[in-house]
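Okay, so here's the structure we're looking at.
2 protein chains.
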Amino acid sequence: MRALVVEDDPDLNRQLSRALEDAGYAVDSALDGEDGHFMGDTEPYDVVVLDLGLPKMDGVTVLERWREAGRGFPVLILTARDRWSEKVAGFDAGADDYLTKPFHTEELLARMRALTRRAAGHTTSTIECGGLSIDTRGARVFIDGAPVKVTSHEFRMLSYLAHHQDRVISRTELVEHIYDQDFDRDSNTIEVFVGRLRKKIGTDRIETVRGLGYRLVDPVARPVS
Amino acid sequence: MRALVVEDDPDLNRQLSRALEDAGYAVDSALDGEDGHFMGDTEPYDVVVLDLGLPKMDGVTVLERWREAGRGFPVLILTARDRWSEKVAGFDAGADDYLTKPFHTEELLARMRALTRRAAGHTTSTIECGGLSIDTRGARVFIDGAPVKVTSHEFRMLSYLAHHQDRVISRTELVEHIYDQDFDRDSNTIEVFVGRLRKKIGTDRIETVRGLGYRLVDPVARPVS
DNA sequence: GCTCCCCCTGAACCCGTGCTGAACAACTTA
DNA sequence: TAAGTTGTTCAGCACGGGTTCAGGGGGAGC
Numbered sequence: 086m087r088a089l090v091v092e093d094d095p096d097l098n099r100q101l102s103r104a105l106e107d108a109g110y111a112v113d114s115a116l117d118g119e120d121g122h123f124m125g126d127t128e129p130y131d132v133v134v135l136d137l138g139l140p141k142m143d144g145v146t147v148l149e150r151w152r153e154a155g156r157g158f159p160v161l162i163l164t165a166r167d168r169w170s171e172k173v174a175g176f177d178a179g180a181d182d183y184l185t186k187p188f189h190t191e192e193l194l195a196r197m198r199a200l201t202r203r204a205a206g207h208t209t210s211t212i213e214c215g216g217l218s219i220d221t222r223g224a225r226v227f228i229d230g231a232p233v234k235v236t237s238h239e240f241r242m243l244s245y246l247a248h249h250q251d252r253v254i255s256r257t258e259l260v261e262h263i264y265d266q267d268f269d270r271d272s273n274t275i276e277v278f279v280g281r282l283r284k285k286i287g288t289d290r291i292e293t294v295r296g297l298g299y300r301l302v303d304p305v306a307r308p309v310s
Numbered sequence: 086m087r088a089l090v091v092e093d094d095p096d097l098n099r100q101l102s103r104a105l106e107d108a109g110y111a112v113d114s115a116l117d118g119e120d121g122h123f124m125g126d127t128e129p130y131d132v133v134v135l136d137l138g139l140p141k142m143d144g145v146t147v148l149e150r151w152r153e154a155g156r157g158f159p160v161l162i163l164t165a166r167d168r169w170s171e172k173v174a175g176f177d178a179g180a181d182d183y184l185t186k187p188f189h190t191e192e193l194l195a196r197m198r199a200l201t202r203r204a205a206g207h208t209t210s211t212i213e214c215g216g217l218s219i220d221t222r223g224a225r226v227f228i229d230g231a232p233v234k235v236t237s238h239e240f241r242m243l244s245y246l247a248h249h250q251d252r253v254i255s256r257t258e259l260v261e262h263i264y265d266q267d268f269d270r271d272s273n274t275i276e277v278f279v280g281r282l283r284k285k286i287g288t289d290r291i292e293t294v295r296g297l298g299y300r301l302v303d304p305v306a307r308p309v310s
């Protein structure tokens, strides 16, 4: 678990970082808003402790920019007791929790744990097609609940087909999305993969459209042509 | 200890209630989602067993509404073996544990004990995965209750895998979350740690997904392919 | 019906990935 | 200082899997 501490008071910063390290986090720290913003923007943290009163760029602005840029890590904000309006602004900017100074490190740690755990259970997108379900995060494939072993490339290919199911996908389109750069065009790798996939998930799930490409379908839902 | 059983199959419902009563719980039961939701919303239960496939209101919705309303009791969800995605949705909605049908009542009782104990000793944030439990606070690991000695880095790694169990974690993601800043990218430290962890907690708990990374799984919950 | 071309399939090759044992370095503890 | 942990590196090995090739089958068009 990586944590970022953005706090301008050097003593408090060190104390927080130390506490988090002892709690098992890998901690980076920043002493002003600009540094903090940059670090949160470039490194994948699991949780962030963010003071709102910061030099160079205030905490609310930092948080707003992170959220605009799509950084979704949970953020716990620290506010002084008498700055009640800041707290509201912080929540509006996308904070997940807050704590007013002074506080006990125990309480901070408890809240951090809650945040990281909550974030851990987030969104798992599985694609369904007939009895076929594709767990894009776990890189697993199931047919009617039974796991199917697929290799990395097979999975990429099936995943792409599933994202565009019922559409005809040309060979070149598949190649472009499965492989990094250029690829030997006159090769039958794609066909081989299609064949292997058909063996694993059933012949009738991947239709071949002669001269055009392939199409992933739900075999039972398909009207008898 | 008060328990609520929400299960639409009358036979299974009675069987569960009976088993829990024998174990010393005061049990209420509901046969559909609406009743279950109302009861959980109005009575202070210590633990809830919730089937996901329910008439009138499905289990995930029930759970979501409870959590939105601030009901914090631990919830163990029951899923059919072939509804893998439901399990994930249940966790997202705030479930604490799950069990796939069919199951042994002994296992259900064991998990219930774990849940209530965890809820009782507040902030005992331990992550469970099969018989593997990870005490994030004490940095300790247990297999079926027996302590396992792991080093600091081993623990961080296992902890991260556990926070994202059933997800494939790439080597780089592991490195980024275990180590503070930069790290020699072409090093096989991760593999060595995986190997050592496997020796300690069992080979089948950490799956390697070739070309992608590793995945922490519950070895018993997974049906033999 | 015949032919061409596209597609499928089985097998083999070979490279990369990942696993393992051991040694080494850094650090802590007695 | 010596002994024991813990983290890291290295080299060798095994094998999984991506790629290629050759041959066969079957549509589509004439």
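Quick mapping for you: the protein sequence lines, in order, are chains A and B. 86 is the number of the first residue of the first sequence in my numbering; add one for each residue after it. 86 is the number of the first residue of the second sequence in my numbering; add one for each residue after it. Backbone N, C-alpha and C fix where the C-beta goes; we use that ideal spot for every residue, glycine too. Just so we're clear, the structure is a prediction, and the values are computed from it rather than from any experiment.
Delimiting residues of the beta strand (DSSP E) encompassing residue i
i	result
Val233/B	231-233
Glu213/A	211-214
Straight-line gap, residue i to residue j (C-alpha atoms, nearest Å)
i	j	result
Leu116/A	Glu92/A	5 Å
Pro95/B	Glu292/B	38 Å
Lys186/A	Asp136/A	10 Å
Pro159/A	Asn273/A	46 Å
Arg283/A	Val133/A	46 Å
Ile228/A	Leu217/A	5 Å
His122/A	Leu97/A	19 Å
Ala174/A	Arg281/B	47 Å
Ser237/B	Thr288/B	20 Å
Tyr264/A	Arg290/A	23 Å
Thr127/A	Thr257/B	15 Å
Met197/B	Val279/B	31 Å
Ala165/A	Asp251/B	40 Å
Ala88/A	Trp151/A	15 Å
Pro232/A	Glu213/B	22 Å
Pro304/B	Ile286/B	11 Å
Glu312/B	Gly179/B	A question about residue 312/B goes unanswered here, because the residues of chain B that appear run from 86 up to 310.
Leu246/B	Ser102/B	35 Å
Met242/B	Asp120/A	28 Å
His262/A	Thr221/A	15 Å
Val277/A	Gly155/A	39 Å
Glu149/B	Gly138/B	14 Å
Arg99/B	Leu200/B	21 Å
Bridge partners - residue i, DSSP secondary structure assignment
i	result
Tyr264/A	Looking at the DSSP assignment, Tyr264/A forms no beta bridge with any residue, so it has no partner.
Ala115/B	Val91/B
Asp182/B	Leu161/B
Thr293/B	Tyr299/B
Ser218/A	Glu213/A, Phe227/A
Ser255/A	Gly298/A
Residue closest to residue i, alpha-carbon to alpha-carbon, out of the options
i	options	result
Tyr130/B	Pro232/B, Tyr183/B, Gly157/B	Gly157/B
Arg295/B	Arg295/A, Thr257/A, Glu239/A	Glu239/A
Gly215/B	Leu89/B, Ser102/B, Leu301/B, Val90/B	Leu301/B
Asp271/B	Val260/B, Val279/B, Gly280/B, Arg281/B	Val260/B
Asp163/B	Thr190/B, Arg152/B, Ala154/B	This sequence places Leu at residue 163/B; Asp is not what is there. It is Thr190/B whose Cα lies nearest to the Cα of Leu163/B.
Ser255/B	Tyr299/B, Ile286/B, Ile212/B, Asp143/B	Tyr299/B
Thr211/A	Gln100/A, Val112/A, Gly138/A, His248/A	His248/A
Leu105/B	Leu194/B, Leu161/B, Glu149/B	Leu194/B
Anticipated Cβ contact below 8 Å, residue i with residue j, distance rounded
i	j	result
Leu55/B	Val253/B	Residue 55/B is absent from the structure shown; chain B starts at 86 and stops at 310.
Ser114/B	Val147/B	About 14 Å; that fails the 8 Å criterion.
Pro140/A	Gly118/A	7 Å
Ile275/B	Ser244/B	Incorrect: roughly 15 Å between the Cβ atoms, too far for contact.
Asp182/B	Leu161/B	5 Å
Residue span of the alpha helix (DSSP H) that contains residue i, given as start and end
i	result
Ala224/B	First-last for Ala224/B: undefined, no H or E at that position.
Leu63/B	Nothing about residue 63/B can be reported from this structure: the residues present for chain B run from 86 to 310 only.
Thr146/B	144-153
Lys285/B	274-286
Glu128/A	Careful: Glu128/A lies outside any alpha helix (DSSP H) and carries neither H nor E.
His248/A	237-248
Residue i CB to nearest heavy atom of the ligand GTP below 7 Å
i	result
Pro95/A	You won't find the ligand GTP in this model; it holds no ligand whatsoever.
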